[in-house]
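> Going down the list, the protein sequences come from chains A and B.
For the first sequence, my numbering begins at 83 and goes up steadily by one.
For the second sequence, my numbering begins at 1012 and goes up steadily by one.
No residue lacks a Cβ here, since even glycine has one placed at the ideal position from N, Cα and C.
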Amino acid sequence: MTPVAREADVHLPIRNGTNLALLNALQHELIANGWVDRGFVEAHTIGFDGVAKIVAEYPPERAAEICGVPAERIREAARVVGTADRLVSTCLQGVYQSHQATASAVAINDLNLLRGMIGKPGCTVFQMNGQPTAQNTRECGANGDIAAFLNWQNPEHIQRLARHWNVDPSVIPHWFRHTHAMQIFRYCEQGAIKLLWISGTNPAVSLPELRRIRSILGQERLFVVVQDAFLSETGRLADVVLPAALWGEKTGTFTNADRTVHLSEKAVEPPGQARSDLDIWLEFARMMELRDADGQPLLKWSSPEEAFDHFKRLTDGRPCDYSGMSYQRLRGRGQIQWPCNADHPDGKERLYEDGRFNTDPGYCEEYGHDLTTGAANEEKDYRALNPAGRAILKAAHYSPPHEQPTDDYPLLLTTGRSVFHFHTRTKTGRSPQLQQAAPEVWVEVSPEDAKQLAIGDGDLVRLQSRRGSLQGRARIADVRPGVLFVPFHYGYWDRGRAGPDGGATAANELTITDWDPVSKQPYFKVAAVRLARLEPAGDTPEGGEAR
Amino acid sequence: MKLARAISQLHRSERDLVGEYRRVADRHAVEHDVYHMCHLLAAQCSTHAERLQPFLERYGAQAHELDAPELWESVVGTVRRTNAKLLGRSPATGLLLLSDLRRLYLLVAEAEINWRMVRQGAMAARDTELAELFESCHEETWNQLKWAKTKIKEASPQTLVGG
């Protein structure tokens, strides 16, 4: 049980991979009990009838059966949501990295929209980011989306981007949404991609099914460049490693999930040969002789501030409008929330106060998808909806996760985090206090399962899935019977290796190669495994407690 | 009534799609998204075919069984999956996938237009139950068509030019 769950008035410890069934039941209850703000829904949303039709099939009893929690508890949770005077909803990887991720995240938006609780004090949705800088990478195009929330299917947006860079629109790949990471790895596996440049991330520990990932990165025919601050597991599989500077060793801005922009100044020089990512990319662009339409260098600037000013001009009039910001203003004010422009010179604290949403066809970032298949809408599909600044309510049916427990693999694994470590410990593992607080991997087992398998607290156990195995100490914990939890931080860099030598410790040895059809985020929260005791508890020191 | 024939054709389309989705899933077992989605869509088509059953009886229309028995399919499926894994590292798999997706798209388009015909017939015959069946199944078929198109648009650039 997490610290948050301990504080909860209603805790629903649902079976992994069943978020959507629960969220459909909550919407069912809002509608059945008349807890819907009809006036708001009528004036500011579209799609209510479609949602009502789907969620009508999810009375709490049905969700209770799917999710494995009592129907009465689901009703209680619905009452909390349905009768609250204010409602802030938030979610993170437990939704985004579990089965039917996008459909579930959308259902959470629906809850606030159905209750008309958005754009007012105490009424909002925080769709959180998994990493501190995920918001700004998304806005500036580094996550593969087009910068400034421009729409790849909108020819005018592509023209605008082309003018901004002074290039021909045909050099901007806009014939399909960007190729996502899981597909890039598949193309590398196929041999269709021959050069892979990995910057600031550690897929050899953080992607699912690590044996597969290592074997793809280790191919002779694939040239791998890794650009990172530390020599990670992925770096050990690279043909070329480019040491990169960390925050504090370079200047740039960060943007929070609540749109607050901060300037982070360089405090010290990067060590050794390390250079900032920007300097590395600029040097690469210079060596490649990248040119604009007039034959001039594509990148006409060299400092972080110039890059910021170039980017902010592109955001003028877009939802993430930085046009009124500058390094000088950020230094003076400390922080500014976008949109920051002539209308809101000091930024804007709250969005959607007037009940208008960013859904106009010429303005929106995406035309949307079918939540079940990920099938992309085209412009004409979207225009036919006629959203006209109204929010789009959407729903999808629950479908069972792709991997179910069997006789051979009777337990369900979920992976996650410890409060002491960030991602693959490349930074936190080098902080002695944090490393000591949670020095090694562990496996959380329910008392019921532990008893049945004769496992005691601290015993060395072995977990096995169809894809790999892992060894760690068991922790008898308050998890749902039939479910195991393993933190995913523990790779092999501190043993000087790219992969295991004997007992593996990375949770992603076990996870399944599978991802959400819309967001393309891998599913880390549902995998079938079996558990066995290897040896009794030794005197290994115990680690931290949170996940 | 000729409507019987249209219902029978639609039933055949859905049955054919069950088999075809499963074949494509197994043939491309290393394309993990295709594998899982095709099995989900096969289940959708199977439900459609089941729900058409009472109407086949109502109109005395001919039913279509799966074109191969389940046991045979499960044996062949294993062979296909193994094959997929053995060939998974070859760039040629991209072209095979594209051609399979193209065939799927055409089969779904056939099912989609068969639904339209049955719906028109149902309206004229004042068969509200059959018209309601269209309402609850057709959107899934329509989304299957959009899915195949999306996948084809995704796979074409890399396969035809990059690979």
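What three-state label does DSSP hand ARG395 of chain A in the structure shown?
helix
> So VAL1119 of chain B and LEU1014 of chain B are in contact, right, with Cβ under 8 Å, and what is the actual spacing, rounded?
In fact, because the Cβ distance is near 22 Å, the residues do not count as touching under 8 Å.
> Taking GLY1101 of chain B as part of the alpha helix (DSSP H), name the residues at either end of that continuous run.
Gly is not the amino acid found at residue 1101 of chain B; the sequence shown has Ser there. Element bounds for SER1101 of chain B: n/a, residue is neither H nor E.
> Could I get the ranges of all uninterrupted beta strand (DSSP E) runs contained in the region 155–189 of chain A, with 3 residues as the minimum, in chain order?
Runs of the beta strand (DSSP E) inside the region 155–189 of chain A: 169–173.
> Please confirm if GLN1169 of chain B has its CB atom under 7 Å from at least one CB of chain A.
Among the CB atoms of chain A, one or more fall inside 7 Å of the CB of GLN1169 of chain B.
> Ignore the nearest five residues each way along the sequence and tell me which others in THR455 of chain A's own chain have a CB closer than 8 Å to its CB.
PRO599
> Chain A partners of HIS1043 of chain B, CB-CB under 7 Å?
THR595 and ASP596
> Thinking just about the alpha-carbon of each residue, which of B:ARG1137, B:ASN1125, B:LYS1096 and B:GLN1169 is nearest to the one in HIS1022 of chain B?
With distances taken between Cα atoms, HIS1022 of chain B lies closest to B:ASN1125.
> What three-state label does DSSP hand PRO623 of chain A in the structure shown?
For PRO623 of chain A, the pLDDT reaches just 44, beneath the cut-off of 50, and the residue's location in the model is therefore unreliable, although a value from the coordinates is still provided. Coil at PRO623 of chain A, not helix or strand.
> Using a Cβ-Cβ cutoff of less than 6 Å, which residues in the same chain neighbour PHE122 of chain A once the five nearest sequence positions on both sides are dropped?
GLY198
> Would you mind reading off the limits of the alpha helix (DSSP H) that contains GLU347 of chain A?
Counting along the chain, GLU347 of chain A falls outside any alpha helix (DSSP H), and DSSP gives it neither H nor E.
> So is LYS1164 of chain B in contact with chain A if we call contact Cβ pairs under 7 Å?
yes
> In its own chain, which residues sit with a C-beta less than 8 Å from the C-beta of GLN209 of chain A, not counting the 5 before and 5 after it?
Only residues of its own chain outside the window of five on either side were considered, and among them THR172, CYS173, ALA187, ILE190, ASN191 and ALA339 have a CB closer than 8 Å to the CB of GLN209 of chain A, listed in chain order.
> If we count Cβ pairs, one from each stretch, closer than 8 Å, do we get three or more for the region 464–482 of chain A versus the region 573–583 of chain A?
no
> Can you name the residues of chain C whose CB is closer than 7 Å to the CB of ARG1100 of chain B?
Annotation note: the requested chain C is absent from the structure, which comprises protein chains A and B.
> Roughly how many angstroms separate the alpha carbons of GLY625 of chain A and TYR572 of chain A, rounded to a whole number?
In this prediction, GLY625 of chain A has a pLDDT of 43, which is less than 50 and means its spatial position is unreliable; what the coordinates show is noted afterwards. Using only the alpha carbons, I get a separation of about 13 Å.
> Let me confirm a value: PRO85 of chain A is counted as buried when at least 16 other C-beta atoms fall within 10 Å, else exposed. Which label applies?
With fewer than 16 other Cβ atoms within 10 Å, it is exposed.
> Excluding the five sequence neighbours on either side, which residues of its own chain have a C-beta within less than 7 Å of the C-beta of PRO563 of chain A, listed in chain order?
SER528, GLU530 and ASP531
> Just to confirm my understanding: we take ASP250 of chain A, look at its own chain, exclude 5 residues before and 5 after, and list those with CB closer than 7 Å. What are they?
ALA244 and ALA375
> If distances are taken between C-alpha atoms only, which option among B:LEU1107, B:THR1089, B:MET1012 and B:LEU1115 comes closest to SER1024 of chain B?
B:LEU1115
> Is the beta carbon of LEU552 of chain A sitting closer than 7 Å to the one on LEU542 of chain A?
At least 7 Å separates the beta-carbon of LEU552 of chain A from that of LEU542 of chain A.
> What residue ranges within the region 529–590 of chain A form continuous beta strand (DSSP E) runs of no fewer than 3 residues, ordered along the chain?
Runs found: 542–546, 551–558 and 565–569.
> Are the C-beta atoms of ASP452 of chain A and some chain B residue less than 7 Å apart?
yes
> Can you tell me whether VAL568 of chain A is buried or exposed? The criterion is at least 16 other CB atoms within 10 Å of its CB, across all chains shown.
buried
> By DSSP's criteria, VAL322 of chain A is part of a beta bridge. Which residues make up the other side?
A:VAL307
> At which residues does the alpha helix (DSSP H) containing CYS1148 of chain B begin and terminate?
1139–1168
> Taking Cβ positions only, does LEU1028 of chain B come closer than 7 Å to chain A?
no
> Listing by chain order, which chain A residues have their CB less than 8 Å from the CB of ASN1154 of chain B?
ASP452, THR454, THR455 and ALA457
> Note the first and the last residue of the continuous alpha helix (DSSP H) segment covering PHE366 of chain A.
Per DSSP, PHE366 of chain A belongs to the alpha helix (DSSP H) from 359–369.
> Terminal residues of the continuous alpha helix (DSSP H) containing GLY414 of chain A?
409–415
> Residues of chain B with a CB under 9 Å from the CB of TRP257 of chain A: which are they?
LYS1164, SER1167 and PRO1168
> Should the region 323–335 of chain A be regarded as contacting the region 298–305 of chain A, the criterion being three or more beta carbon pairs within less than 8 Å?
no
> Within its chain, find whatever has a CB closer than 6 Å to the CB of LEU102 of chain A; leave out the 5 residues flanking it on each side and keep chain order.
GLN182, ALA185, SER186 and TYR480
> At the 7 Å Cβ level, is LYS1096 of chain B part of the contact set with chain A, yes or no?
no
> Spatial neighbours of ALA1142 of chain B within its chain, please: C-beta separation below 7 Å, excluding the five flanking residues on both sides.
ARG1130, ALA1133 and MET1134
> Quick check: the Cα distance between ALA274 of chain A and TYR140 of chain A, rounded to an integer number of angstroms?
Whole-angstrom Cα-Cα distance: 44 Å.
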